[in-house]
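In my numbering, the protein residues as written are 322 to 905.
Quick notes on the structure that follows.
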RNA sequence: CGGGGCGUAGCGUAGUGGCUAGCGCGCUUGCUUUGGGAGCAAGAGAUCGUGGGUUCGAGUCCCGCCGCCCCGACCA
C-alpha cells in the first residue's frame with residue numbers, strides 16, 4: 322500500500338513555467354517526473370510506477386508474440402557504426418564520448434548494428450530463422466532542440482526489436498506479427514492511435530508504417546478521412562481525374578499578358594483581358610512550372626521542373642521524400658543563366674521534357690491528365706498560352722507527388738475528404754531489408770548450401786514517450802486520468818476530517834482492498850479536504866474512495882475519476898463495490 | 001543553426017538608478033480549523049545566472065559569456 326503521508330511526492334499547485342504541453346505540465350505538477358537537464362528527466366515513485374506498467378505491458382505483448390528479450394549496453398564502441406556509415410551519417414544527433422585512452426564511443430540512438438552483429442556471431446543456418454529479438458533500452462539522441470518534456474527528450478526508453486528472415490515472405494510474416502503485437506499493446510495502454518503508411522523513401526521502397534497517437538501536441542502531421550483512411554502527408558496519393566477526350570477541345574492560343582510573373586497577377590490579367598466564356602479564371606486553371614535543382618549524393622546535380630495547378634504549392638517534405646536520396650534546392654540565378662530557354666515567370670511545358678531540345682526532366686502533378694486545358698507560360702516574357710491541352714500540346718516525363726495536401730482533398734481509397742491532424746509517433750514498424758545485413762555481412766546458408774544475406778526488419782515503441790502520450794490523451798483541466806492498467810494504483814482512498822473513526826475505517830478498507838488484490842493509494846495525511854480532493858484529481862488514479870463526513874451514516878463515496886460519477890455505498894459493501902468499480 | 005522571449009528562495013512571481021530585495025505557494029514551530037488547495041502568530045530559506053564595465057550608488061543601465069523556454073530548420 323502506498324501511504325501518502327510517507328510517499329516521496331510533492332504536487333505543485335501551479336504549472337511549472339517551462340512546461341507548455343499538457344503531459345509535461347501534468348507529469349511535473351503531479352510529481353511524477355522532475356527535469357534534471359534539457360530533455361533529461363528523473364522518474365519519481367508514482368511516475369516510475371506508471372512507467373513500469375507501460376514497460377510491463379510492452380514486454381508482455383512482445384513475449385506473447387514469441388519474441389525474445391535481450392539487453393545491450395547503451396554505451397557502444399564506434400566500429401560497428403563506422404562500418405554502416407552511421408558514425409558520420411547520424412551527425413550531431415549522435416551522442417559521442419571518449420574513454421581515458423581517447424577511444425571513440427557513443428551512447429546508442431538505436432541498435433541495428435549491435436543486433437545484426439550478435440546474430441552474425443551466433444547463427445549461420447537458415448534453419449535458425451526466423452528470429453525476432455528485442456530489448457527495452459535507454460536511448461540517447463543529442464537532439465538539436467529537445468522539447469515538450471517527456472515527449473521528445475535526449476534520453477528516452479525505447480523497445481526496439483529486429484527480425485531476421487531468409488526471404489521476403491518471411492520478413493513480411495515477421496512484420497505482420499509485429500503489427501498485431503503493436504495493436505494489442507497500444508490497445509492495452511489505452512491509447513487512441515492510427516496506423517499510417519510512412520514513406521521509406523530511398524531505403525528500398527519497403528513497407529513501413531507508423532503508429533500515431535492523435536493529439537494537439539503531436540509533432541507529426543498526418544491526414545485522415547471519415548472512412549478510416551490515414552496516412553503520413555508524405556505518403557498521400559493524389560486522386561487523378563479521368564482523362565478527357567481530346568476531340569473538339571479549343572485550340573491553344575498565345576496571348577499578351579504583360580507584367581504577370583506570378584499566378585495572382587496572371588489570373589487578374591486573364592480575367593480582365595481574356596475572359597473565360599462561362600466563368601472567371603481561377604488559379605486552378607493555371608499550370609505553374611516550378612524549377613528546382615536536384616543535388617545527388619555523388620556530387621552531381623540536374624534541374625527538374627514540376628508542373629502543378631497554380632493554386633497548389635510544392636510541399637517540400639513530400640518532394641524530398643519523392644526525390645531522395647537527391648536533395649532539392651531552389652533554382653538560383655546562376656542556374657537560369659545556364660538554361661536560357663527557361664524564361665523566369667513565363668515557363669511553359671512546350672519546351673520541357675527529356676525528349677525536348679532542353680532535355681530538362683518534366684514531371685507533373687497527377688491532376689494534370691490528358692485532355693486537361695491550362696493557362697501557362699509561353700516561354701517568352703509577358704506572354705502566356707491559353708487552352709494548352711495536356712497530351713495534345715505538350716507531354717511530360719512522369720508524375721510526382723509533390724503538391725501540398727489540403728484539407729478537403731479526397732482520400733485515395735474513396736473514403737471521403739481528408740483532414741489533417743497531428744499525432745505523436747509511438748511506434749514504427751519497418752521492413753529494413755538487407756541494408757544492415759549486407760553492410761555487416763550477416764549471411765546464412767540456405768537449403769542448397771548457398772550463402773545468403775539475411776533480410777531484416779526493425780520495430781520500435783517509444784516506452785517513455787508512451788507515458789507522455791497517454792497523459793496527452795487522458796487528462797482534463799483538473800489533472801491526469803490514467804487508464805486502469807497503467808495507473809499507479811487501482812484505487813485512491815481519501816480520508817477527510819479529523820474523526821479517528823474515519824482514519825481507522827479508511828485504513829481497514831485500504832487493507833481489505835489490498836487483500837482483494839487491488840493496488841491501493843491511501844491518503845492518510847493530516848491535510849484539509851480540499852488539498853486531498855485536488856491531489857486525487859491531479860494524480861488521476863481511476864477510482865477514488867472518499868471516507869469522510871458521511872461515515873456517521875455508515876456511508877463512503879466511490880468516485881470514477883474519468884466520468885466524475887459518484888455513488889454512496891454502505892461501509893460493509895464498500896470492498897465489493899470498489900472491486901466492481903475496478904472491473905474485478 | 002536562424003527568429004523571439006526569459007534568468008530574482010524548492011515552485012510561481014513583483015521590483016524603470018536610491019533605505020534592510022517584496023508577495024503567494026511550499027517548508028518549520030505553536031494554537032485554532034477539517035467536504036474543495038483553511039486562519040492567526042512566530043520563523044527558516046536569495047552570493048538577484050555569470051564575468052566585466054558605467055556610477056557616489058546597479059536586481060535595475062552597457063558589453064561579453066552561460067543557461068532555459070517557444071517558433072522554425074533538423075529529427076532511425
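We put the CB at the ideal spot given by N, CA and C, even for glycine.
Source: prediction; values computed, not measured.
By DSSP, does residue i sit in helix, in strand, or in coil?
{"i": "residue 458", "result": "strand"}
{"i": "residue 632", "result": "coil"}
{"i": "residue 408", "result": "helix"}
{"i": "residue 742", "result": "strand"}
{"i": "residue 413", "result": "helix"}
{"i": "residue 368", "result": "helix"}
{"i": "residue 327", "result": "coil"}
{"i": "residue 769", "result": "coil"}
{"i": "residue 795", "result": "coil"}
{"i": "residue 344", "result": "helix"}
{"i": "residue 291", "result": "Residue numbering for the chain in the displayed model covers 322 to 905; residue 291 lies beyond these limits and cannot be assessed."}
{"i": "residue 645", "result": "coil"}
{"i": "residue 339", "result": "coil"}
{"i": "residue 362", "result": "strand"}
{"i": "residue 439", "result": "helix"}
{"i": "residue 816", "result": "strand"}
{"i": "residue 349", "result": "helix"}
{"i": "residue 333", "result": "coil"}
{"i": "residue 724", "result": "strand"}
{"i": "residue 673", "result": "coil"}
{"i": "residue 841", "result": "strand"}
{"i": "residue 652", "result": "coil"}
{"i": "residue 657", "result": "helix"}
{"i": "residue 381", "result": "helix"}
Where do the ends of the beta strand (DSSP E) carrying residue i lie?
{"i": "residue 432", "result": "Element bounds for residue 432: n/a, residue is neither H nor E."}
{"i": "residue 319", "result": "Given that the chain is displayed from residue 322 to residue 905, the structure contains no residue 319 and the question cannot be resolved."}
{"i": "residue 704", "result": "704-710"}
{"i": "residue 684", "result": "682-685"}
{"i": "residue 888", "result": "887-891"}
{"i": "residue 865", "result": "864-868"}
{"i": "residue 802", "result": "No beta strand (DSSP E) holds residue 802; DSSP gives it neither H nor E."}
{"i": "residue 398", "result": "396-398"}
{"i": "residue 697", "result": "694-701"}
{"i": "residue 779", "result": "776-783"}
Which one of the options has the shortest CA to CA distance from residue i?
{"i": "residue 773", "options": "581, 487, 570 and 635", "result": "487"}
{"i": "residue 613", "options": "606, 622, 607 and 505", "result": "622"}
{"i": "residue 766", "options": "441, 818, 708 and 886", "result": "441"}
{"i": "residue 489", "options": "451, 457 and 428", "result": "451"}
{"i": "residue 423", "options": "399, 434 and 431", "result": "399"}
{"i": "residue 346", "options": "364, 471 and 381", "result": "471"}
{"i": "residue 466", "options": "580, 459, 475 and 658", "result": "475"}
{"i": "residue 494", "options": "395, 453 and 419", "result": "453"}
{"i": "residue 538", "options": "344, 446, 666 and 553", "result": "344"}
{"i": "residue 866", "options": "550, 854 and 859", "result": "854"}
{"i": "residue 378", "options": "350, 787 and 870", "result": "787"}
{"i": "residue 744", "options": "375, 516, 448 and 511", "result": "516"}
{"i": "residue 624", "options": "611, 726 and 771", "result": "611"}
{"i": "residue 797", "options": "818, 839 and 857", "result": "857"}
{"i": "residue 336", "options": "326, 355 and 324", "result": "355"}
{"i": "residue 682", "options": "430, 628, 511 and 589", "result": "628"}
{"i": "residue 567", "options": "596, 712 and 437", "result": "712"}
What do you get for residue i, buried or exposed, if any count of 16 or more other CB atoms within 10 angstroms of its CB means buried?
{"i": "residue 357", "result": "exposed"}
{"i": "residue 778", "result": "buried"}
{"i": "residue 698", "result": "buried"}
{"i": "residue 659", "result": "exposed"}
{"i": "residue 650", "result": "exposed"}
{"i": "residue 648", "result": "exposed"}
{"i": "residue 775", "result": "buried"}
{"i": "residue 670", "result": "buried"}
{"i": "residue 478", "result": "buried"}
{"i": "residue 746", "result": "buried"}
{"i": "residue 458", "result": "buried"}
How far does the alpha helix (DSSP H) with residue i in it extend, from its first residue to its last?
{"i": "residue 836", "result": "821-836"}
{"i": "residue 756", "result": "756-760"}
{"i": "residue 467", "result": "It is not in any alpha helix (DSSP H) - residue 467 carries neither H nor E in the DSSP assignment."}
{"i": "residue 851", "result": "850-860"}
{"i": "residue 322", "result": "That residue, residue 322, is in no alpha helix (DSSP H); it is neither H nor E in DSSP."}
{"i": "residue 902", "result": "895-902"}
**Prompt:** Whole beta strand (DSSP E) runs in the region 470-555 with 3 or more residues, listed along the chain?
**Reply:** 476-486, 515-518, 529-535, 541-546 and 551-553
**Message:** Suppose only complete runs of 3+ residues qualify. What are the beta strand (DSSP E) ranges in the region 576-624, listed by chain order?
**Reply:** 608-616
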